[in-house]
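J.: If you count by our numbering, then the sequence shown holds residues 6 to 331, one letter each, in order.
We put the CB at the ideal spot given by N, CA and C, even for glycine.
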Amino acid sequence: MKKRVLITGVAGMIGSHLAEELLKKDYTVTGIDDLSFGSLDNLISCLGHINFKFYRVTILDTDTLKILGKDTDTIIHLAAVKKISEKDISLPTLLVNTKGTENVLETAKMWGCKVVFASTSDVYGMSPELPLNEDGDLLLGPSLIRRWSYAVSKLYGEQLSFAYLHDHKVPVVVIRYFGGFSPRSSFAWSGGHVPIFIRAILQDKEVVIHGDGHQTRSMGFVSNLVNGTVLALENDKAIGEIINIGNDEELSVLDTAKLIHRIANTKHDLKLKFVPLSEVFGKYKDIQRRIPDLTKAKRILGYEPKVKLEDAVRLTILEVQKNQPA
Numbered sequence: 006m007k008k009r010v011l012i013t014g015v016a017g018m019i020g021s022h023l024a025e026e027l028l029k030k031d032y033t034v035t036g037i038d039d040l041s042f043g044s045l046d047n048l049i050s051c052l053g054h055i056n057f058k059f060y061r062v063t064i065l066d067t068d069t070l071k072i073l074g075k076d077t078d079t080i081i082h083l084a085a086v087k088k089i090s091e092k093d094i095s096l097p098t099l100l101v102n103t104k105g106t107e108n109v110l111e112t113a114k115m116w117g118c119k120v121v122f123a124s125t126s127d128v129y130g131m132s133p134e135l136p137l138n139e140d141g142d143l144l145l146g147p148s149l150i151r152r153w154s155y156a157v158s159k160l161y162g163e164q165l166s167f168a169y170l171h172d173h174k175v176p177v178v179v180i181r182y183f184g185g186f187s188p189r190s191s192f193a194w195s196g197g198h199v200p201i202f203i204r205a206i207l208q209d210k211e212v213v214i215h216g217d218g219h220q221t222r223s224m225g226f227v228s229n230l231v232n233g234t235v236l237a238l239e240n241d242k243a244i245g246e247i248i249n250i251g252n253d254e255e256l257s258v259l260d261t262a263k264l265i266h267r268i269a270n271t272k273h274d275l276k277l278k279f280v281p282l283s284e285v286f287g288k289y290k291d292i293q294r295r296i297p298d299l300t301k302a303k304r305i306l307g308y309e310p311k312v313k314l315e316d317a318v319r320l321t322i323l324e325v326q327k328n329q330p331a
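#1: Please report the distance separating the alpha-carbon of I64 from that of P310.
#2: Which full runs of the beta strand (DSSP E) of 3+ residues lie inside the stretch 252-326, going along the chain?
#3: How many Å lie between A269 and I206 at the Cα?
#4: Which residues in the same chain as I305 place their Cβ atom closer than 8 Å to its Cβ, once the five residues preceding and following it in sequence are excluded?
#5: Please name the residue, chosen from A302, V62, M131, that lies closest to L145 on a Cα-to-Cα basis.
#6: Check whether the stretch 294-301 touches the stretch 249-257, taking contact to mean three or more Cβ pairs, one atom from each stretch, closer than 8 Å.
#7: Kindly give me the distance between the Cβ atoms of L277 and I81, rounded to whole angstroms, as I take these residues to be in contact under 8 Å.
#8: Is DSSP giving F183 helix, strand or coil here?
#9: Is the stretch 9-16 close to the stretch 28-48, with three or more CB pairs under 8 Å?
#10: If you draw a straight line from the C-alpha of K114 to the C-alpha of T69, how long is it?
#11: Excluding the 5 residues preceding and the 5 following Q293 in the sequence, name in chain order all residues of the same chain whose CB lies nearer than 6 Å to its CB.
#12: Give every residue of the same chain whose Cβ lies closer than 6 Å to the Cβ of L236, excluding the five residues on either side of it in the sequence, and list them in chain order.
#13: If we call anything under 8 Å between Cβ atoms a contact, is P188 one with V325?
#14: Would you tell me roughly how many angstroms separate the C-alpha atoms of E139 and D291, rounded to the nearest one?
#15: Is the distance from the Cβ of T98 to the Cβ of S154 below 8 Å?
#16: Can you grab the Cα-Cα spacing for the pair D31 / I55, in whole Å?
#17: Check whether the Cβ atoms of V212 and F226 sit closer than 8 Å, and answer yes or no.
#18: For L137, which residues does DSSP report across the bridge?
#19: Using the beta-carbon count (16 or more within 10 Å), is K303 buried or exposed?
#20: May I ask which residues mark the beginning and end of the beta strand (DSSP E) holding N249?
#21: Examine the Cβ distances between the stretch 153-170 and the stretch 92-108 and report whether three or more of them are shorter than 8 Å.
#22: What number of angstroms, rounded off, separates the C-alpha of V62 from the C-alpha of F122?
#23: Using only the alpha-carbon positions, how far apart do P147 and K87 sit?
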């Protein structure tokens, strides 16, 4: 099996953990990142490795991307801009996630690479068909609501990926990640609610909950996402498929805060602050439930989330506490 991989967005949470895992498996890894979201601190264990090379490059740099793709067998495309609030501008999200993906696919077409494209559970939108299945219909909100730009840009990336598969014979796998976290998560809303809650509770601050907190999510440790990505990379049966990857434990946002508070055992009371959804998202309607159907991942890849949510929270808390200033 050929083992030369290019990872875009390598300095992010998933990218850095993935690079570490592939190096353990004797892959040669080239990583690119413009460091607008990722951090070189995440790559400390990789930077001195003989089989790892890092380049500070944006995926909008078509020429450099094509040069780096020459000696690559597979491109794992993680780099993206995720928009969170209606107050943010949409253009960076739309430009990077569409043009950047096109650049990756053009590079793969030029050099005959396989592509593993990281999509997102956001593309399911408000679909009422639960658990969310890869073959189900998608239900997105109005175009006037800018928050949908992330889901739309990723959905376009999926369509583009399959266009390159059918029109140019580029072998493509699309994986839809459901929320993951680790001690390397962005402790901003782009990293999801779990890392934010952990930090707030450890610092004895208010845990900000959007709405009533009864909306549910399926969150898991980053190792679950990495494991699924490696399986998609190594299994040719995944080519031409969309596959959910994540954890299928469903828990409300409010109960997640209570779980973190119990595990952290800070001896302080849990301080909750409920903020109306309209104050955060405007007219955007928050998705009430999000749980993946992992049947296809299990059937094609033999995938199973190995780290349960409670263990993932405990691992993250311990690591964050270890790295806190004395």
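T.: With the structure as the only source:
#1: For this step, residue 64 is matched to residue 59 along the sequence shown. For this step, residue 310 is matched to residue 305 along the sequence shown. Cα to Cα, I64 sits roughly 30 Å from P310.
#2: 277-280
#3: Here residue 269 refers to the residue found at position 264 of the sequence shown. Here residue 206 refers to the residue found at position 201 of the sequence shown. About 8 Å.
#4: If you number the sequence shown from 1, residue 305 lands on position 300. Once the five neighbours on either side are set aside, the close Cβ partners of I305 are N240, K242, A243, E246, I248.
#5: Along the sequence shown, one-based indexing puts residue 145 at 140. Among A302, V62, M131, the Cα nearest to that of L145 is on M131.
#6: yes
#7: Translated into the one-based positions of the sequence shown, residue 277 becomes position 272. Translated into the one-based positions of the sequence shown, residue 81 becomes position 76. About 38 Å separates the two Cβ atoms, so there is no contact after all.
#8: On the sequence shown, residue 183 is found 178 positions in, with the first residue counted as 1. Coil.
#9: yes
#10: For the purposes of this step, residue 114 is identified with residue 109 of the sequence shown, where counting begins at 1. For the purposes of this step, residue 69 is identified with residue 64 of the sequence shown, where counting begins at 1. Straight-line Cα distance between these residues: approximately 15 Å.
#11: Numbered from 1 along the sequence shown, position 288 holds the residue referred to as residue 293. Same-chain partners within the cutoff: Q220.
#12: Position 231 of the sequence shown, counting from 1, holds the residue named residue 236. Closer than 6 Å at the Cβ level, and outside the excluded window around L236, lie L306, Y308.
#13: Taking the sequence shown and counting its residues from 1, one reaches residue 188 at position 183. Taking the sequence shown and counting its residues from 1, one reaches residue 325 at position 320. The Cβ-Cβ distance between P188 and V325 falls below 8 Å.
#14: Position 134 of the sequence shown, counted from the start, is the residue given in the question as residue 139. Position 286 of the sequence shown, counted from the start, is the residue given in the question as residue 291. Their backbone Cα atoms lie some 21 Å apart in a straight line.
#15: Here residue 98 is taken as the residue at index 93 of the sequence shown, counted from 1. Here residue 154 is taken as the residue at index 149 of the sequence shown, counted from 1. For T98 and S154, yes; Cβs fall inside 8 Å.
#16: Counted from its first residue, the sequence shown places residue 31 at position 26. Counted from its first residue, the sequence shown places residue 55 at position 50. Taking the straight line from one Cα to the other gives about 10 Å.
#17: As a working note, residue 212 is residue 207 in the sequence shown. As a working note, residue 226 is residue 221 in the sequence shown. No, the pair does not count as a contact, with Cβ atoms beyond the cut-off.
#18: Residue mapping note: residue 137 aligns to position 132 of the sequence shown, counting from 1. Looking at the DSSP assignment, L137 forms a beta bridge with P297.
#19: Position 298 of the sequence shown, counting from 1, holds the residue named residue 303. So K303 counts as exposed.
#20: By one-based count along the sequence shown, residue 249 stands at place 244. Its beta strand (DSSP E) spans residues 247-250.
#21: The stretch 153-170 is in contact with the stretch 92-108.
#22: On the sequence shown, residue 62 is found 57 positions in, with the first residue counted as 1. On the sequence shown, residue 122 is found 117 positions in, with the first residue counted as 1. Cα-Cα distance, rounded: 18 Å.
#23: To locate residue 147, count along the sequence shown from 1; it is residue 142. To locate residue 87, count along the sequence shown from 1; it is residue 82. One C-alpha to the other measures close to 18 Å.
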